[in-house]
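Number of protein chains: 2
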Amino acid sequence: MNIGNAAEKSGLSAKTIRYYEDIGLLQADRAGNGYRDYSMSDVHRLRFLQRSRSLGFSVEECRQLLSLYSDKDRESATVKAIAKAKLTEIDRKLAELTELRDTLRVLVRSCHGDKRPDCPIIEGLGGKDRVAA
Amino acid sequence: MNIGNAAEKSGLSAKTIRYYEDIGLLQADRAGNGYRDYSMSDVHRLRFLQRSRSLGFSVEECRQLLSLYSDKDRESATVKAIAKAKLTEIDRKLAELTELRDTLRVLVRSCHGDKRPDCPIIEGLGGKDRVAA
DNA sequence: CTTGACCTTCCACTAACTAGAACCTTTATG
DNA sequence: CATAAAGGTTCTAGTTAGTGGAAGGTCAAG
Chain A
2 MNIGNAAEKS
12 GLSAKTIRYY
22 EDIGLLQADR
32 AGNGYRDYSM
42 SDVHRLRFLQ
52 RSRSLGFSVE
62 ECRQLLSLYS
72 DKDRESATVK
82 AIAKAKLTEI
92 DRKLAELTEL
102 RDTLRVLVRS
112 CHGDKRPDCP
122 IIEGLGGKDR
132 VAA
Chain B
2 MNIGNAAEKS
12 GLSAKTIRYY
22 EDIGLLQADR
32 AGNGYRDYSM
42 SDVHRLRFLQ
52 RSRSLGFSVE
62 ECRQLLSLYS
72 DKDRESATVK
82 AIAKAKLTEI
92 DRKLAELTEL
102 RDTLRVLVRS
112 CHGDKRPDCP
122 IIEGLGGKDR
132 VAA
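Chain order of the listed sequences is A and B.
So for the first sequence, the numbering used here puts the first residue at 2; every next one is plus one.
So for the second sequence, the numbering used here puts the first residue at 2; every next one is plus one.
Take a look at the structure:
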């Protein structure tokens, strides 16, 4: 499939996909006309990249995570170690994201939603220990 | 408190905190000697910024989120609308992060952790519909 | 056989930091 | 008191991770 199609399916822009190829994250086959040609497996990798990037992992971290998928030469003890380290990080991110959500939920529930600007917890959130965890 | 202290407490670097001041995200008081002076409330905001940035929100999104905390002039209907939109996004991120975690967990459990490179699901994860969601 | 959508490369620009130089202030120690 | 280390200041330049746009090649439809 062409890059536009892969872009649509993965949630990345075509530009970004080309950029990822430039930096060696994922290289595509080429069709006879010179167009890049993506398989479903490529699309899975791209989608994976889209997600991990949008969740705050750096490109280098994504490179590592991606290698868990595809690097056959890597010894599985190493795979396991990297995966475990990332799991710890993901769990931390999950906790933080949950906390952020809870904070916003309280905000949404406590606000009147009308024109009155006396939303009761805005001040509390900024100044006291609600956020400190 | 000085910037180094605020940096340590917030998880941001002093450089980043100065940068955030440059772009108008959070301006600190100045002590008599010209040093920036941070309150606990500032630290909460910084910590909040650190988290939301690390979870994949852009600086502009963070600016919005932060305004939920501190902008007294904003009408609370607007606050509520923004907060609700962000909640939806956070829920999506939570779902994706959970899925990513589950994927990695399967990987960790299925790998031998020894020297054999025949980790049984690496190939499956890359090529089939496990990731497609 | 041309029009429009899509592809190619390349170069410049933006966003969000990050490193380092040059210099000033505070604090601990001989 | 001197002075050195630690930490603060601004400024300029470099990096990372894209994004926009030009100039041009390819393909399917009318």
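Beta carbons: idealized from backbone N, C-alpha and C, even for Gly.
None of these values were measured; they are calculated from a predicted model.
Around the beta carbon of R52 of chain A, 16 or more other beta carbons sit within 10 angstroms, so the residue counts as buried. Annotation for F49 of chain A: the continuous alpha helix (DSSP H) segment containing it runs M41 to S55. For the region 36–58 of chain A, the set of positions with a beta-carbon nearer than 7 Å to some beta-carbon of chain B reads S42, H45, R46, R48, F49, R52, S53, S55, L56 and G57 in chain order. Secondary structure note for N3 of chain B: it is in no alpha helix (DSSP H), with a DSSP letter that is neither H nor E.
Judged by their CB atoms, R46 of chain B and L69 of chain B are not nearer to each other than the 8 Å cut-off. Contact of A7 of chain A with chain B is not assigned, every C-beta pair being separated by 8 Å or more. Contact between Q65 of chain A and I83 of chain A holds: their C-beta atoms lie close to 6 Å from each other, under 8 Å. Taking a C-beta distance under 8 Å as the contact criterion, M2 of chain B and D38 of chain B qualify as a contact pair. One Cα belongs to E97 of chain B, the other to A32 of chain B, and the distance between them is close to 44 Å. Per the coordinates, the alpha-carbon of L56 of chain B lies some 15 Å from the alpha-carbon of T89 of chain A.
Secondary structure within the region 16–41 of chain A: not one fully enclosed alpha helix (DSSP H) run of 4 or more consecutive residues is present.
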